[in-house]
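If you're matching them up, the sequences are chains A and B in order.
The opening position of the first sequence corresponds to residue 41 in this note's numbering, with each subsequent residue numbered one higher.
The opening position of the second sequence corresponds to residue 54 in this note's numbering, with each subsequent residue numbered one higher.
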Amino acid sequence: MSINWFKYSSPQTFFPLAGKLALVFGALAIAACAVGLYIGFFVAPTDAQQGESYRIIFIHVPAAWMSMFLYVVMALWAGIGLGFNTRLSGMMASAIAPTGALFTFIALWTGSLWGKPTWGTWWVWDARLTSELILLFLYFGFIALQASIDDPRRADKAGALLALVGVINVPIIYFSVKWWNTLHQGASVSLTKSPSMATTMLTAMLIMTFGFWFYGIAAVLLRARCIMLERERGSEWAAQYAKAAA
Amino acid sequence: MIAALRCMIMRDLLLAARRNSDVLTVLLFFVIVVSLFPLGIGPEPKLLRTIAPGVLWVAALLASMLALGRMFAADHADGTLEQMMLGATPLGIIVAAKVFAHWLVTGVPLVLISPVLALQFDLPQELLGVLVVSLALGTPVLSLIGAIGAALTLGLRGAGALLSLLVLPLYVPVLIIGAGATESAASGLGGSAQLLLLGAMLIVAGAFAPWAAAAALRISVE
Numbered sequence: 041m042s043i044n045w046f047k048y049s050s051p052q053t054f055f056p057l058a059g060k061l062a063l064v065f066g067a068l069a070i071a072a073c074a075v076g077l078y079i080g081f082f083v084a085p086t087d088a089q090q091g092e093s094y095r096i097i098f099i100h101v102p103a104a105w106m107s108m109f110l111y112v113v114m115a116l117w118a119g120i121g122l123g124f125n126t127r128l129s130g131m132m133a134s135a136i137a138p139t140g141a142l143f144t145f146i147a148l149w150t151g152s153l154w155g156k157p158t159w160g161t162w163w164v165w166d167a168r169l170t171s172e173l174i175l176l177f178l179y180f181g182f183i184a185l186q187a188s189i190d191d192p193r194r195a196d197k198a199g200a201l202l203a204l205v206g207v208i209n210v211p212i213i214y215f216s217v218k219w220w221n222t223l224h225q226g227a228s229v230s231l232t233k234s235p236s237m238a239t240t241m242l243t244a245m246l247i248m249t250f251g252f253w254f255y256g257i258a259a260v261l262l263r264a265r266c267i268m269l270e271r272e273r274g275s276e277w278a279a280q281y282a283k284a285a286a
Numbered sequence: 054m055i056a057a058l059r060c061m062i063m064r065d066l067l068l069a070a071r072r073n074s075d076v077l078t079v080l081l082f083f084v085i086v087v088s089l090f091p092l093g094i095g096p097e098p099k100l101l102r103t104i105a106p107g108v109l110w111v112a113a114l115l116a117s118m119l120a121l122g123r124m125f126a127a128d129h130a131d132g133t134l135e136q137m138m139l140g141a142t143p144l145g146i147i148v149a150a151k152v153f154a155h156w157l158v159t160g161v162p163l164v165l166i167s168p169v170l171a172l173q174f175d176l177p178q179e180l181l182g183v184l185v186v187s188l189a190l191g192t193p194v195l196s197l198i199g200a201i202g203a204a205l206t207l208g209l210r211g212a213g214a215l216l217s218l219l220v221l222p223l224y225v226p227v228l229i230i231g232a233g234a235t236e237s238a239a240s241g242l243g244g245s246a247q248l249l250l251l252g253a254m255l256i257v258a259g260a261f262a263p264w265a266a267a268a269a270l271r272i273s274v275e
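See the structure below:
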């Protein structure tokens with residue numbers, strides 16, 4: 041039996057699938073966030089040193105992870121689009137950018153809220169904060185570049201090249217900033233060491249990560265649906281969809 | 054190919070010599086921005102000595118960014134760029150030549166004048182060498198990275214502001230390490246580690262950035 045790998049690579053077939061998937065992942069996101077927040081706020085014990093204020097990590101750490109992960113996924117889609125000249129890849133890349141920027145902003149904002157009671161300052165010029173801020177600028181640059189190009193094909197390709205250059209630069213930026221100044225604590229969770237936090241805290245954080253991940257997928261698919269409709273508005277299936285929806 | 058490279062560099066230098074006000078504008082911008090800092094934060098010599106490397110580097114970065122818009126714009130406007138793309142010489146080579154000529158015209162004057170400006174900030178004379186070498190290694194990296202941004206924004210409305218949004222985040226490592234060279238030399242550690250890193254960045258950017266910029270030009274001039 042041969043599988044048609046490219047069945048969902050055209051907007052026409054992907055559009056209904058994206059709608060269904062967005063619904064599923066949206067529901068999963070709400071469930072995971074509800075469970076994660078409940079464990080995080082009511083079950084997990086109070087931290088011995090930081091008191092209650094540590095609980096912001098249940099939002100902060102997953103958001104920071106997603107912000108970096110989404111940039112790589114965006115660059116991946118962009119690279120596929122540039123290499124194979126597929127239409128949908130570029131649409132996915134532009135659909136991911138706002139969600140990635142949102143998570144980056146949440147990570148910076150919650151980090152700042154956590155830093156005030158813990159470090160005694162809203163902002164420090166530390167390696168991770170600075171590279172996260174620059175990541176936000178990279179997202180903005182990508183969005184701004186695509187917004188200022190009228191031709192969607194050129195916007196896709198130009199954005200793709202920028203995303204690829206950016207993804208090469210992210211580690212360089214991170215290490216240069218790290219040598220420059222470091223105050224931030226080490227990574228919260230490491231794969232090589234046994235976890236230093238209580239199991240309930242870790243569970244809550246991982247559930248929240250999945251919740252944010254599912255939210256990201258749902259939001260990206262919904263945005264991709266809008267982009268597909270907008271770009272394919274001249275086509276038969278888009279006209280039919282618009283008629284059915286009206 | 055070498056002949057094409059030399060021809061391209063000579064052509065761009067000749068064009069720049071005919072319109073030398075462009076070169077002077079960038080240089081004057083650099084001088085004025087650097088001179089504004091003491092006016093803004095006060096003439097305290099100790100403070101000025103501390104911030105001198107950073108101020109010179111940020112000003113050099115802004116000045117080189119200001120000049121980026123002109124790297125491909127004129128050739129794009131009169132159609133020369135399309136002819137270059139159709140020619141037999143690989144576009145990456147042409148871009149490399151253009152970036153090199155652009156750096157000779159806009160980067161080298163900044164490097165040469167930087168010791169004079171550093172003296173205004175009372176930077177110790179033994180640090181001037183490190184500062185000049187760091188700028189000499191760093192400004193071509195800025196031109197190389199900037200070429201990608203200039204190629205991507207070619208012919209767009211509001212290209213100038215957009216270019217700064219794209220390029221400045223990518224400049225961050227060069228800024229940190231470049232300014233760090235003089236600072237670490239001032240603290241007695243010696244700046245050679247940073248200078249070697251800048252050299253490595255120059256080699257990597259020199260090898261890859263022209264091809265990325267060439268790909269960007271093909272996207273922009275479709």
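C-beta: ideal position from N, C-alpha, C; glycine also.
Would you tell me roughly how many angstroms separate the C-alpha atoms of A/Tyr48 and A/Leu185, rounded to the nearest one?
-> 28 Å
Coarse secondary structure for A/Gly274, derived from DSSP in three states | coil
Can you tell me the Cα-Cα spacing of A/Leu231 and A/Ile99, whole angstroms?
-> In this prediction, A/Leu231 has a pLDDT of 48, which is less than 50 and means its spatial position is unreliable; what the coordinates show is noted afterwards. The alpha-carbon atoms of A/Leu231 and A/Ile99 are separated by roughly 20 Å.
From this set, B/Met54, B/Ala204, B/Trp264 and B/Ser240, which residue's C-alpha is nearest B/Leu134's C-alpha?
-> B/Ala204
Counting only the same chain and skipping the five closest in sequence on each side, list residues whose C-beta sits under 6 Å from that of A/Phe143.
-> So the list reads Ala103, Met106 and Ser107, once near-sequence residues are dropped.
Can the beta-carbon of B/Ile229 be found closer than 8 Å to that of A/Val217?
-> yes
Closest to A/Leu116 by CA distance: which of A/Ala137, A/Ile97, A/Ile96 and A/Val101 is it?
-> A/Ala137
Three-state class that DSSP yields for A/Asp166 in the structure shown | coil
Beta-carbon proximity list for A/Leu223, same chain, < 7 Å, skipping 5 on both sides | Unreliable placement is indicated for A/Leu223, whose pLDDT of 46 sits below 50; the coordinate value is still reported in the next sentence. These residues qualify, in order along the chain: Val164 and Asp166.
Would you say A/Val205 reaches chain B, if we count a Cβ-Cβ gap shorter than 8 Å as a contact?
-> yes
What does a CB cutoff of less than 6 Å around B/Phe174 pick up in its chain, not counting 5 residues either side in sequence?
-> Excluding residues within five positions, the ones whose Cβ falls inside 6 Å are Leu101 and Ala105.
Step through the CB atoms of chain A and report whether any lies within less than 8 Å of the CB of B/Leu193.
-> Note that residue 193 of chain B is Pro in the sequence shown here, rather than Leu. Not closer than 8 Å to any Cβ of chain A, the Cβ of B/Pro193 fails to qualify, so no.
Counting Cβ pairs, one atom from each stretch, are 3 or more of them under 8 Å apart for the segment 142 to 151 of chain B and the segment 260 to 275 of chain B?
-> Verdict: yes, contact present.
Straight-line Cα distance separating A/Glu272 from A/Phe55 = 11 Å
Could you have a look at A/Gly91 and say whether DSSP puts it in helix, strand or coil?
-> Looking at A/Gly91 - three-state DSSP - the assignment turns out to be strand.
So, helix, strand or coil for B/Glu97, using DSSP?
-> coil
Proximity test, Cβ basis, 8 Å: B/Val225 and chain A = Yes, contact with chain A.
If we cut at 8 Å on Cβ distances, does A/Asn125 have a partner in chain B?
-> no
Would you identify the three-state DSSP class for A/Leu231, choosing helix, strand or coil?
-> For A/Leu231, the predicted model reports a pLDDT of 48, less than 50, meaning its position is unreliable; a value from the coordinates is still stated below. Residue state, collapsed to three classes: coil.
Could you tell me whether any Cβ in chain A is nearer than 8 Å to the Cβ of B/Ile229?
-> Yes, B/Ile229 lies at the interface with chain A (some Cβ there is under 8 Å from its Cβ).
Identify the contact partners of A/Phe180 in chain B, using a Cβ-Cβ distance below 9 Å as the criterion.
-> Leu218 and Pro222
Does A/Leu231 get closer than 8 Å to chain B when you measure Cβ to Cβ?
-> Any reading at A/Leu231 is ruled out, since the residue's pLDDT is 48, under 50, leaving its predicted position unreliable.
Indicate the three-state DSSP secondary structure (helix, strand or coil) for B/Glu275 in the structure shown.
-> coil
Are any of the Cβ atoms in chain A nearer than 8 Å to that of B/Ala269?
-> yes
So the alpha helix (DSSP H) A/Phe143 belongs to, where does it begin and stop?
-> Arg127 to Trp159
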